[in-house]
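Numbering (my numbering), first residue to last: 21 to 97.
To start, the structure under review is shown below, and the notes come after it.
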């Protein structure tokens, strides 16, 4: 049986040059896959909310808080 061995995230740039989250899942059989989660050009009322850092980095659009949530909270579940 294959299980999730590790999950981690980092901050990368999307196709429009905005910071976004890349999440990587590593399985017990060595399989490793990543997905990048860019924000949409328009945001509807039923879409997920974005967690942006605020501050001066990338005009407040950094995602270090979201990355930390994956690497500490979600990854430890």
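By construction, the Cβ of each residue, glycine as well, lies at the ideal position given by its N, Cα and C atoms.
Only a predicted model underlies this, so the values are computations on that prediction, with no experimental measurement involved.
Who does residue i pair with in a DSSP beta bridge?
i	result
residue 33	39
residue 44	28 and 54
For residue i, which residues in the same chain have their Cβ closer than 6 Å to its Cβ, ignoring the five residues on either side in sequence?
i	result
residue 81	38, 39 and 72
residue 86	41 and 71
Over what stretch of residues does the alpha helix (DSSP H) that includes residue i continue unbroken?
i	result
residue 85	84-88
Output needed for residue i: all residues of its chain with C-beta closer than 7 Å, excluding positions within five of it in sequence on either side, in chain order.
i	result
residue 25	46, 47 and 48
residue 22	47, 48 and 49
So residue i is in the beta strand (DSSP E); what residue range does that whole segment cover?
i	result
residue 55	52-57
Figure out for me which residue from the options has the closest Cα to the Cα of residue i.
i	options	result
residue 68	58, 75 and 74	58
At the 7 Å Cβ level, is residue i part of the contact set with chain C, yes or no?
i	result
residue 89	Of the protein chains in this structure there is only one, and it is not chain C.
Leaving aside the five residues before and after residue i along the sequence, list all residues of the same chain whose C-beta is less than 8 Å from its C-beta, in chain order.
i	result
residue 75	82
residue 60	67
residue 90	27, 28, 29, 41 and 43
residue 33	39 and 40
Consult DSSP for residue i and reduce its assignment to one of helix, strand or coil.
i	result
residue 80	helix
residue 95	coil
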